[in-house]
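Trainee: Quick note, the sequences are listed as chains A and B, same order.
Quick note: my numbering has the first sequence finishing at residue 296, numbered continuously throughout.
Quick note: my numbering has the second sequence finishing at residue 296, numbered continuously throughout.
There are 2 protein chains.
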Amino acid sequence: MKVVSTAVDIQALSLTYRRKGLRVGLVPTMGWFHEGHLALMKEARKRVDKVIVSLFVNPLQFGPNEDLDSYPHDLDRDCVLAEGVGVDLLYAPDTKLMYPNGFSTNVHVRGLTSGLCGGDRPGHFDGVTTVVSKLFNQTLPHVAVFGEKDFQQLAVIRRLVQDLDFPIEIIGHPIVREKNGLAMSSRNSYLKADEMAAALSLSQGIKQAQKLARNKQEVSVQEIRDAVAHEILKHRECGIDYIEVVDKTSLQPCSVVNSQSILLLAVKINSRIRLLDNSQIIGS
Amino acid sequence: MKVVSTAVDIQALSLTYRRKGLRVGLVPTMGWFHEGHLALMKEARKRVDKVIVSLFVNPLQFGPNEDLDSYPHDLDRDCVLAEGVGVDLLYAPDTKLMYPNGFSTNVHVRGLTSGLCGGDRPGHFDGVTTVVSKLFNQTLPHVAVFGEKDFQQLAVIRRLVQDLDFPIEIIGHPIVREKNGLAMSSRNSYLKADEMAAALSLSQGIKQAQKLARNKQEVSVQEIRDAVAHEILKHRECGIDYIEVVDKTSLQPCSVVNSQSILLLAVKINSRIRLLDNSQIIGS
Numbered sequence: 013m014k015v016v017s018t019a020v021d022i023q024a025l026s027l028t029y030r031r032k033g034l035r036v037g038l039v040p041t042m043g044w045f046h047e048g049h050l051a052l053m054k055e056a057r058k059r060v061d062k063v064i065v066s067l068f069v070n071p072l073q074f075g076p077n078e079d080l081d082s083y084p085h086d087l088d089r090d091c092v093l094a095e096g097v098g099v100d101l102l103y104a105p106d107t108k109l110m111y112p113n114g115f116s117t118n119v120h121v122r123g124l125t126s127g128l129c130g131g132d133r134p135g136h137f138d139g140v141t142t143v144v145s146k147l148f149n150q151t152l153p154h155v156a157v158f159g160e161k162d163f164q165q166l167a168v169i170r171r172l173v174q175d176l177d178f179p180i181e182i183i184g185h186p187i188v189r190e191k192n193g194l195a196m197s198s199r200n201s202y203l204k205a206d207e208m209a210a211a212l213s214l215s216q217g218i219k220q221a222q223k224l225a226r227n228k229q230e231v232s233v234q235e236i237r238d239a240v241a242h243e244i245l246k247h248r249e250c251g252i253d254y255i256e257v258v259d260k261t262s263l264q265p266c267s268v269v270n271s272q273s274i275l276l277l278a279v280k281i282n283s284r285i286r287l288l289d290n291s292q293i294i295g296s
Numbered sequence: 013m014k015v016v017s018t019a020v021d022i023q024a025l026s027l028t029y030r031r032k033g034l035r036v037g038l039v040p041t042m043g044w045f046h047e048g049h050l051a052l053m054k055e056a057r058k059r060v061d062k063v064i065v066s067l068f069v070n071p072l073q074f075g076p077n078e079d080l081d082s083y084p085h086d087l088d089r090d091c092v093l094a095e096g097v098g099v100d101l102l103y104a105p106d107t108k109l110m111y112p113n114g115f116s117t118n119v120h121v122r123g124l125t126s127g128l129c130g131g132d133r134p135g136h137f138d139g140v141t142t143v144v145s146k147l148f149n150q151t152l153p154h155v156a157v158f159g160e161k162d163f164q165q166l167a168v169i170r171r172l173v174q175d176l177d178f179p180i181e182i183i184g185h186p187i188v189r190e191k192n193g194l195a196m197s198s199r200n201s202y203l204k205a206d207e208m209a210a211a212l213s214l215s216q217g218i219k220q221a222q223k224l225a226r227n228k229q230e231v232s233v234q235e236i237r238d239a240v241a242h243e244i245l246k247h248r249e250c251g252i253d254y255i256e257v258v259d260k261t262s263l264q265p266c267s268v269v270n271s272q273s274i275l276l277l278a279v280k281i282n283s284r285i286r287l288l289d290n291s292q293i294i295g296s
């Protein structure tokens with residue numbers, strides 16, 4: 013596996029691959045790889061000839077009081093893990109090369125970004141769509157793979173790609189979970205042992221919601237939200253950012269729960285660790 | 013010459029060219045071709061194997077009281093002219109295909125867009141950078157050629173390409189003028205016979221400024237602006253939107269006039285026809 017640190021180099025490599033008729037895949041990440049990341053890389057590996065993984069902790073998508081400075085990182089560890097699943101190129105650019113003096117461009121997606129994580133983290137999705145536009149143009153992939161844990165992010169990126177006509181197929185990969193149900197996330201590394209029970213309440217809340225939907229002829233959005241909130245608020249460490257049942261594509265609130273609905277959760281553990289989870293409630 | 017009307021088709025054609033190792037050039041236009049456009053096409057013809065000209069009157073870059081509906085158009089005429097200079101593909105998409113229901117993305121360049129035409133036409137440059145991002149991804153060129161008459165637009169696009177890492181070389185082409193000095197523009201077709209003298213005052217103002225700079229050891233920005241305004245305001249049809257001497261790259265106002273300075277003019281004729289012109293005052 014080759015490690016590349018400049019846009020010029022990665023662009024030249026990708027163009028060389030493309031000229032040879034090889035298909036290129038991108039997995040954008042912020043590093044500190046877990047099985048969720050590795051599953052995205054394996055998914056790309058199945059689909060393309062050359063797998064590029066970008067590793068960039070993007071300051072634009074962090075708010076002033078968020079965890080930019082403490083975000084976990086270990087490039088050597090990540091290199092070993094990525095190489096182990098057959099990644100061809102690890103692209104780890106420097107922040108000053110990504111955003112040199114005079115950088116002035118912002119990519120904004122309206123609508124989909126205004127609620128949910130966009131409501132809690134103003135400017136977050138502009139940071140995401142701006143860096144993803146850059147990464148797409150730097151790595152020039154045929155295919156890009158994103159995790160469904162960041163469900164709103166995936167919807168926003170699909171919109172971005174459609175609106176700006178990026179010639180890229182976007183693949184969403186299902187959430188990868190620990191055996192105990194916890195959705196994998198680099199931020200799980202912040203959890204102390206005595207916070208794990210609280211962290212598990214997200215996936216347990218989802219299970220409760222699914223059980224409710226199975227056992228009742230018709231279940232209302234409010235019943236689902238109440239059941240999930242009840243499960244989460246058993247833990248005094250938990251503060252709810254949102255519990256929403258929305259349409260899978262538009263992310264608009266659902267009036268009824270059906271196979272097009274998705275339950276989205278954001279919960280803060282001890283006001284410190286923001287965890288996301290999501291799931292369909294009724295199978296499609 | 014082939015005429016193509018969908019993004020899917022133009023993207024597929026460009027990718028086919030690229031796979032064959034051919035170089036692709038784009039000339040983005042709003043149609044109603046004049047010698048200025050044809051010069052851009054010839055410039056592209058010299059540089060690449062396949063020349064794509066896009067023809068799209070982009071509603072996003074017009075304000076509510078501007079000339080979107082009256083903008084001149086004649087596809088058959090434009091096809092003959094483009095074919096005459098060796099264009100390979102004319103890409104003329106439909107507005108509903110460019111901006112279908114649900115379109116939600118905006119590309120914004122800060123700073124460079126805030127004054128000059130950006131001050132007079134709020135939202136104009138967001139329209140430009142958004143459509144140009146789309147056209148780049150639809151046509152996937154190696155090279156794109158823009159006219160220097162829209163000097164601020166060219167600076168904004170250079171910034172966009174640098175910031176978002178589009179793998180495209182941007183070529184600026186000098187203004188093409190009528191024999192009488194008038195900078196070529198599709199909007200010149202709005203001019204009535206008795207408005208021509210007023211329209212010529214822009215290029216005459218520039219000549220006065222250059223003469224002043226030649227004849228004086230050192231000329232101030234204010235002297236330049238006064239001389240140009242004097243020339244233009246000889247004509248009661250003229251209203252000045254701006255006369256500015258700015259740095260060629262940053263577009264920030266110059267304190268002294270030198271070879272890095274450019275004189276930028278925007279003048280309205282009878283409050284109806286907005287004309288642009290620009291030139292260096294002191295040769296580099």
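From the three backbone atoms N, C-alpha and C, an ideal C-beta is built for every residue, glycine too.
In the DSSP assignment, find the unbroken beta strand (DSSP E) run with Cys-250(A) in it and report its ends.
Mentor: Cys-250(A) -> beta strand (DSSP E) spans 250-259.
Trainee: Determine, using beta carbons only, whether Val-121(B) comes closer than 7 Å to chain A.
Mentor: For Val-121(B), the answer is yes, since a Cβ of chain A falls inside 7 Å of its Cβ.
Trainee: Have a look at Leu-172(A) and Thr-141(A) and give me their C-alpha separation to the nearest angstrom.
Mentor: Each residue's alpha carbon lies about 7 Å from the other.
Trainee: With DSSP run on the structure shown, which of helix, strand or coil describes Phe-158(B)?
Mentor: In this structure, Phe-158(B) counts as strand in the three-state DSSP scheme.
Trainee: Could you pull out every residue in the same chain whose Cβ sits closer than 7 Å to the Cβ of Leu-50(A), ignoring the five residues on either side in sequence?
Mentor: So the qualifying residues of the chain are Leu-93, Val-97.
Trainee: Suppose the cutoff is 8 Å on Cβ atoms and the five residues either side in sequence are ignored; what does the same chain contact list for Thr-151(A) look like?
Mentor: Contacts found: Ile-22, Gln-23, Ser-26, Val-36, Leu-38, Ile-64, Ser-66, Tyr-103.
Trainee: So, does the CB of Arg-248(B) fall closer than 7 Å to a CB anywhere in chain A?
Mentor: Chain A contact via Cβ: absent.
Trainee: Please report the distance separating the alpha-carbon of Lys-108(A) from that of His-120(B).
Mentor: Each residue's alpha carbon lies about 21 Å from the other.
Trainee: Along chain A, which residues have their Cβ under 9 Å away from the Cβ of Gly-33(B)?
Mentor: The contacting residues are Arg-31.
Trainee: Closer than 7 Å by beta-carbon distance: list the chain B residues that pair up with Lys-146(A), in chain order.
Mentor: What Lys-146(A) touches in chain B: Leu-176, Asp-177.
Trainee: Look at the alpha carbon of Cys-250(A) and the alpha carbon of Ile-281(A), and state the distance between them as a whole number of angstroms.
Mentor: Roughly 5 Å between the two C-alpha positions.
Trainee: Quick one: grab the DSSP three-state call for Pro-71(A).
Mentor: If DSSP states are grouped into helix, strand and coil, Pro-71(A) belongs with the helices.
Trainee: Using alpha carbons as the reference points, say which of Leu-287(B), Ser-291(B), Gly-295(B) lies closest to Asp-79(B).
Mentor: Out of Leu-287(B), Ser-291(B), Gly-295(B), Leu-287(B) has the C-alpha closest to the C-alpha of Asp-79(B).
Trainee: Where do the N-terminal and C-terminal ends of the beta strand (DSSP E) with His-185(A) fall, by residue?
Mentor: Where His-185(A) is concerned, the enclosing beta strand (DSSP E) stretches over 181-185.
Trainee: Using C-beta distances below 8 Å, list every residue in its chain close to Leu-275(A), excluding the 5 sequence neighbours before and after it, in chain order.
Mentor: Hits under 8 Å: Ile-218, Ala-221, Ile-236, Val-240, Ile-255, Glu-256, Val-257, Asn-290, Ser-291, Gln-292, Ile-293.
Trainee: Which residues bound the beta strand (DSSP E) around Val-279(A)?
Mentor: Here the beta strand (DSSP E) through Val-279(A) covers 273-281.
Trainee: Closest Cβ-Cβ distance between Gln-23(A) and chain B: below 7 Å?
Mentor: Yes, contact with chain B.
Trainee: Against Leu-172(A), what residues of chain B qualify as contacts under a CB-to-CB distance less than 7 Å, listed in chain order?
Mentor: Under the 7 Å cutoff, chain B gives Thr-117.
Trainee: Using CA atoms only, rank isn't needed, just tell me which of Lys-191(A), Pro-186(A), Ala-225(A), Ile-252(A) is closest to Leu-214(A).
Mentor: Per the Cα distances, Ile-252(A).
Trainee: Looking at the C-beta of Gln-150(B), does it have a partner C-beta in chain A at a distance below 7 Å?
Mentor: Yes, its Cβ sits closer than 7 Å to a Cβ of chain A.
Trainee: Quick check: Pro-84(A) and Trp-44(A), are their CB atoms within less than 7 Å of each other?
Mentor: Taking 7 Å as the Cβ cut-off, Pro-84(A) and Trp-44(A) qualify as a contacting pair.
Trainee: Below 8 Å, how does it come out for the stretch 180-193 of chain A and the stretch 69-78 of chain A: are there three or more Cβ pairs, yes or no?
Mentor: With the cut-off at 8 Å, the stretch 180-193 of chain A and the stretch 69-78 of chain A do not touch.
Trainee: Within its chain, find whatever has a CB closer than 7 Å to the CB of Phe-178(A); leave out the 5 residues flanking it on each side and keep chain order.
Mentor: Cβ neighbours of Phe-178(A) beyond the five flanking positions: Phe-148.
Trainee: I want to verify the contact list: residues of chain A whose CB lies under 7 Å from the CB of Ala-210(B), in sequence order.
Mentor: Residues of chain A passing the Cβ test: none, with the nearest at roughly 36 Å.
Trainee: With distances taken from CA atoms, which of Thr-28(B), Thr-18(B), Glu-47(B) is nearest His-185(B)?
Mentor: Among Thr-28(B), Thr-18(B), Glu-47(B), the Cα nearest to that of His-185(B) belongs to Glu-47(B).
Trainee: Quick one: list the residues of chain B neighbouring Leu-3(A), beta-carbon separation under 9 Å, in chain order.
Mentor: Beyond the ends of chain A as shown, which are 13 and 296, falls residue 3(A); an answer cannot be given.
Trainee: Mind checking the stretch 186-218 of chain A against chain B and listing, in chain order, the residues whose C-beta falls within less than 8 Å of any C-beta there?
Mentor: Cβ contacts with chain B: none found.
Trainee: In terms of residues, what are the limits of the alpha helix (DSSP H) holding His-136(A)?
Mentor: Its alpha helix (DSSP H) spans residues 136-151.
Trainee: Helix, strand or coil: which one does DSSP assign to Gln-292(B)?
Mentor: If DSSP states are grouped into helix, strand and coil, Gln-292(B) belongs with the strands.
Trainee: If you draw a straight line from the alpha carbon of Asn-113(B) to that of Asp-175(A), how long is it in whole angstroms?
Mentor: Taking the straight line joining both Cα atoms gives about 10 Å.
Trainee: Beta-carbon separation of Leu-101(A) and Val-233(A) under 7 Å?
Mentor: No. Outside cutoff.
Trainee: How would you write the range of the alpha helix (DSSP H) that Thr-107(A) sits in, first residue to last?
Mentor: Thr-107(A) -> alpha helix (DSSP H) spans 107-110.
Trainee: Is the beta carbon of Val-144(A) less than 7 Å from the beta carbon of Ala-56(A)?
Mentor: No. Outside cutoff.
Trainee: Looking only at its own chain, which residues have a Cβ that is under 6 Å from the Cβ of Asp-132(B), when we skip the five neighbours before and after it?
Mentor: Closer than 6 Å at Cβ, skipping near neighbours: Asp-253.
Trainee: How big is the Cα-Cα spacing for Ala-278(B) and Cys-129(B)?
Mentor: C-alpha separation (whole angstroms): 8 Å.
Trainee: What are the complete alpha helix (DSSP H) segments, minimum 4 residues, inside the stretch 15-67 of chain A?
Mentor: Here the runs fully enclosed are 19-31, 47-59.
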